[in-house]
Amino acid sequence: MVLSENARSEIRRLMAQFPQRQSALLGALFVAQDEVGYLSPDALADVAAVMDLPVSEITSVASFYHLYRFSPEGRHVIQVCTNISCQLRGCGRILDHLRRRLQVDVGETTADGAFTLKTAECLAACESAPVMMVDTDRLGPMSERDVDSLLDQYAHASTPSASRPRLAPPPVAPQTSMILKYIHEPDQGELEAYRRRGGYEGLRRALGMSPDGVTDEVEKSGLRGRGGAGFPTGRKWKFIPKDPAIPRYVVINADEGEPGTFKDRTLLEGDPHRLLEGIAIASYAVGAKQAFVYVRREFHHARTGLERALAQASGAGLLGHNILGSGYDLDVVVATGAGAYIAGEETSLLESLEGRRAMPRLKPPYYPAVKGLYSRPTVLNNVETLCHVAWILTEGVERYRQLGPPILISVSGHIARPGVYEVPLGTTIRQVIERAGGMLDGRPCKACFPGGSSSAILPAAYLDTQMDYDALAKLDVYGSMLGSGALIVMDDTTNMVEVVARTVEFYRDESCGKCTPCREGTMWLGQVLRRMLAGQGRSEDLALLDSIARGMTGTCFCPLGESVPPAIYSSLRFFRSEFEQYAKGAGGVPQAVHA
Numbered sequence: 063m064v065l066s067e068n069a070r071s072e073i074r075r076l077m078a079q080f081p082q083r084q085s086a087l088l089g090a091l092f093v094a095q096d097e098v099g100y101l102s103p104d105a106l107a108d109v110a111a112v113m114d115l116p117v118s119e120i121t122s123v124a125s126f127y128h129l130y131r132f133s134p135e136g137r138h139v140i141q142v143c144t145n146i147s148c149q150l151r152g153c154g155r156i157l158d159h160l161r162r163r164l165q166v167d168v169g170e171t172t173a174d175g176a177f178t179l180k181t182a183e184c185l186a187a188c189e190s191a192p193v194m195m196v197d198t199d200r201l202g203p204m205s206e207r208d209v210d211s212l213l214d215q216y217a218h219a220s221t222p223s224a225s226r227p228r229l230a231p232p233p234v235a236p237q238t239s240m241i242l243k244y245i246h247e248p249d250q251g252e253l254e255a256y257r258r259r260g261g262y263e264g265l266r267r268a269l270g271m272s273p274d275g276v277t278d279e280v281e282k283s284g285l286r287g288r289g290g291a292g293f294p295t296g297r298k299w300k301f302i303p304k305d306p307a308i309p310r311y312v313v314i315n316a317d318e319g320e321p322g323t324f325k326d327r328t329l330l331e332g333d334p335h336r337l338l339e340g341i342a343i344a345s346y347a348v349g350a351k352q353a354f355v356y357v358r359r360e361f362h363h364a365r366t367g368l369e370r371a372l373a374q375a376s377g378a379g380l381l382g383h384n385i386l387g388s389g390y391d392l393d394v395v396v397a398t399g400a401g402a403y404i405a406g407e408e409t410s411l412l413e414s415l416e417g418r419r420a421m422p423r424l425k426p427p428y429y430p431a432v433k434g435l436y437s438r439p440t441v442l443n444n445v446e447t448l449c450h451v452a453w454i455l456t457e458g459v460e461r462y463r464q465l466g467p468p469i470l471i472s473v474s475g476h477i478a479r480p481g482v483y484e485v486p487l488g489t490t491i492r493q494v495i496e497r498a499g500g501m502l503d504g505r506p507c508k509a510c511f512p513g514g515s516s517s518a519i520l521p522a523a524y525l526d527t528q529m530d531y532d533a534l535a536k537l538d539v540y541g542s543m544l545g546s547g548a549l550i551v552m553d554d555t556t557n558m559v560e561v562v563a564r565t566v567e568f569y570r571d572e573s574c575g576k577c578t579p580c581r582e583g584t585m586w587l588g589q590v591l592r593r594m595l596a597g598q599g600r601s602e603d604l605a606l607l608d609s610i611a612r613g614m615t616g617t618c619f620c621p622l623g624e625s626v627p628p629a630i631y632s633s634l635r636f637f638r639s640e641f642e643q644y645a646k647g648a649g650g651v652p653q654a655v656h657a
């Protein structure tokens, strides 16, 4: 036995939180990893023994996720984010500097055992690019000088962790409307401050209404899901069966991972009680007695704040048994993700929450509203959506609709003031860029992803398009959508072939491998693009890229694979000349790659 009795007790505590013990598996594996340093065979065996599960099952699940370690690493683990927003702001220079300073390559540990160097797909902190994480500390924007200072501090074990640098929130224009109004107030995460500003009045009002009345209110507001699909929230809730004898669940996706998206992390860190209020209202509306918040593992600060807020709300009778004397009971459980972007797909998230590999289910019959978590009716919403719900029940439908309705946009890339901005739905891309301070260094805009890396790339000619579900979907550009509300802006120095290659590689690395078009298509696209960038392009490469993308369109098991063709189609259409240059071989490769 390698796990202490304290670790075993913690695993048993996690198991008691869930209707089925295997749901505690991801958290239990982190308990073992945190104590031993990695998931050794003995540690896996101990977890299996405590949870009464086969070692083979434990190992199979652990091997699927990025954040579990199966060999020893350094005393400190450094992760450098290398995705699009950080790529645009110079993460390559930071990574190269770390290689030289530490004298190791990615995946290696320094000779003294102090540091292990890794890369990360996206740390959901794009507003502070280039970003890195040391252990649980997220840091940025980083420069070479910052790296040197940081390494010196971490190399000395005597340096108190409290004195080490943290990621300071970037300057954001004053927010005057709703969701972000108090987001940067230092006490907004405290129950007393949240209630002083009107918090939990929406829950009080909801509990005085019928569940159907609450659902009708949300439907009248016009709120659409802010996780990417944009499905009407009230209508989704109405799909839940009404039979009170059937257990129902609410699941919150706080595993934000699409490159360019960081609004949910911002809300979790700055306003956790608003999320909890929204969860309670949604759960009451659909008759759920238990809700699960699936939080991304890297969100250490957000998780700590959320658990503190949960304890405060439960202690004040706002969650738990007999909420506000209404007779309604709700248990909220914070669960953990383990590094799998595919868990953003709703059925994959349910699989992960049940303690299995995050692989999508066939729909039907596994449509979550009918057969979701533990094969019971389940509502899935993301963090922003439920924060809107709390506001709507507090201030009312008419006031909400007068504000646009509002939407949060994560703005990053070559922009003067990256950050989260609240704007009325229908604000143009150009207006959002102006709200964020305009283009960095005054350079002209070349292109943007309007809805995260899964949306089509739009050239500057489309900047007057409205940031709206229907306006973007109606463009004559395949895959144009509002998506996750992540606007990644690129200036005229950007190498579009590099950007598309990095986009493809993200989806390649995050593919669960279940279906052939996604598993093979992303790999082939990545190989062709990297070969072109290496000066080995061929005249037929553009047709090959288009052919592979078409083979993936409409053929993938879930939306992850379908997220790749929009970047291929749009870049080949709008920036074809850059691809044609690379197709010439070594003679077409630019002397400098800016992206």
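63 is the number of the first residue of the sequence shown in our numbering; add one for each residue after it. A virtual CB, placed ideally from N, CA and C, is assigned to each residue, including glycine.
Checklist line | Distance, ASP391 Cα to ASP317 Cα | finding: Between ASP317 and ASP391, the C-alpha separation is close to 26 Å.
Open item on the list: I need the DSSP call for ARG288, collapsed to helix, strand or coil.
Closed with: Reduced to three states, the DSSP call for ARG288 is coil.
- prompt: Taking DSSP as the reference, what is the three-state secondary structure of ARG162?
  reply: In the displayed model, ARG162 falls within a helix according to three-state DSSP.
>> Just to confirm my understanding: we take VAL459, look at its own chain, exclude 5 residues before and 5 after, and list those with CB closer than 8 Å. What are they?
In response: So the qualifying residues of the chain are GLU279, LYS282, SER283.
| field | ALA657, DSSP secondary structure in three states | value | Only weak support is given to the placement of ALA657: the predicted model assigns it a pLDDT of 40, under 50, and the value that follows is read from those uncertain coordinates. Correct three-state label for ALA657: coil.
- Kindly list the residues whose CB is nearer than 8 Å to the CB of LEU76, restricted to its own chain and excluding five residues on each side of it in sequence; keep chain order. The answer, listed in chain order, is ALA86, GLY89, ALA90, VAL93.
Worksheet entry | Supposed contact pair TYR356 and VAL313 - C-beta distance, whole angstroms, cut 8 Å | Right, the Cβ-Cβ distance comes to about 6 Å (below 8 Å), so this counts as a contact.
ask   = At which residues does the beta strand (DSSP E) containing PHE511 begin and terminate?
value = Taken as a continuous stretch (DSSP letters only), the beta strand (DSSP E) holding PHE511 covers 507-511.
> Do you know how far the Cα of GLU254 is from the Cα of ARG297?
Replying inline: The straight-line gap from Cα to Cα measures roughly 33 Å.
Euclidean distance between Cα positions of PHE511 and GLY154 = When rounded, the distance between both Cα atoms is 21 Å.
Would ASP462 be called buried (16 or more neighbouring beta carbons within 10 Å of its own) or exposed? Sequence check: residue 462 is Tyr here, not Asp. Here TYR462 is buried, its C-beta having at least 16 other C-beta atoms within 10 Å.
> In chain order, which alpha helix (DSSP H) runs of at least 4 residues are fully inside the stretch 428-485?
Replying inline: Taking only runs of at least 4 residues, the alpha helix (DSSP H) segments lying wholly in the stretch 428-485 are 430-433, 445-457, 459-464.
Next on the checklist: Helix, strand or coil for ASN315? Go by DSSP, reduced to three states.
Outcome noted: Of the three classes helix, strand and coil, the one that applies to ASN315 here is strand, per DSSP.
Practice problem: Tell me, please, whether the stretch 449-457 touches the stretch 333-343 by the rule of three or more beta-carbon pairs shorter than 8 Å. | Solution: Yes: at least three Cβ pairs fall under 8 Å.
Beta-carbon spacing of LEU179, ILE140 below 8 Å: Remark: C-beta atoms of LEU179 and ILE140 approach each other more closely than 8 Å.
Less than 7 Å separating the Cβ of ARG259 from some heavy atom of the ligand ZN?
Judged by which ligands are present, the structure shown has none, so any question about the ligand ZN falls away.
Practice task
Leaving out five residues on either side along the sequence, give the residues of the same chain with a beta carbon under 8 Å from the beta carbon of PRO273.
Solution key: Within the same chain, PRO273 has close Cβ partners TYR346, ALA347, VAL348, GLY349.
With a threshold of 16 other CB atoms inside 10 Å of the CB of MET194, please say whether the residue is buried or exposed. Buried, by the Cβ-count rule.
- Tell me whether LEU610 sits in a helix, a strand or coil according to DSSP, three-state version. Just to set this straight, residue 610 is Ile in the shown sequence, not Leu. Secondary structure of ILE610 (DSSP, three-state): helix.
Mind checking which residues open and close the beta strand (DSSP E) that includes LYS180? Residues 177-182.
inquiry  = Buried or exposed for ARG365, going by 16 or more other Cβ atoms inside 10 Å?
reply    = Answer is buried; the Cβ neighbour count reaches 16.
I need the boundaries of the beta strand (DSSP E) containing CYS143, first residue and last residue. Bounds of the beta strand (DSSP E) holding CYS143 are 138-143.
Practice item. Below 6 Å CB to CB, which residues in the same chain sit around LYS433 once its five sequence neighbours on both sides are set aside? Key: Same-chain partners within the cutoff: PRO427.
Quiz item: By how many angstroms is the C-alpha of LEU269 removed from the C-alpha of ASP393?
Solution: Spanning the two alpha carbons is a distance of roughly 16 Å.
- Between the beta-carbon of TYR644 and the beta-carbon of LEU607, is there less than 8 Å? Taking 8 Å as the cut-off, the Cβ atoms of TYR644 and LEU607 do not count as close.
Q) What are the uninterrupted segments assigned as alpha helix (DSSP H) that are 4 or more residues long and contained completely in the stretch 560-608, given in chain order? A) Annotation note: the stretch 560-608 contains the following uninterrupted alpha helix (DSSP H) runs of length 4 or greater, listed N- to C-terminal: 578-593.
request  = Measure the alpha-carbon distance for ASP503 versus VAL566 and round it to whole angstroms.
outcome  = Distance between the alpha carbons of ASP503 and VAL566 is about 28 Å.
In three-state DSSP terms, what is PRO116?
Secondary structure at PRO116: coil, using DSSP grouped into helix, strand and coil.
Beta-carbon within less than 6 Å of THR615's beta-carbon, same chain only, minus the 5 sequence neighbours each way: which residues are those? Excluding residues within five positions, the ones whose Cβ falls inside 6 Å are PRO627.
Straight-line Cα distance separating CYS148 from VAL494
In a straight line, the C-alpha of VAL494 is about 20 Å away from that of CYS148.
Check: Just checking my contact of ALA420 with ALA405 at CB under 8 Å: how many whole Å lie between their CB atoms?
Finding: Going by Cβ atoms, the distance from ALA420 to ALA405 rounds to 4 Å, so yes, they are a contact pair.
Exercise. GLY399 to GLU416, Cα distance in whole Å?
Worked result: Approximately 11 Å, taken between the alpha carbons.
query = Going by the CB atoms, is the gap between LEU106 and GLN84 shorter than 8 Å?
reply = Taking 8 Å as the Cβ cut-off, GLN84 and LEU106 do not qualify as a contacting pair.
(Q) What does the alpha-carbon distance come out to for the pair ALA291 and GLN215? (A) For ALA291 and GLN215, the distance between alpha carbons rounds to 44 Å.
| task | Could you check which residue in ALA629, ARG258, ARG286 has the C-alpha nearest to that of ASN444? | result | Minimum Cα distance to ASN444 is reached at ARG286.
Could you say which of GLU135, GLY136, ALA110 lies nearest to ALA124 if we only look at CA atoms?
Ranking GLU135, GLY136, ALA110 by Cα distance to ALA124 puts ALA110 first.
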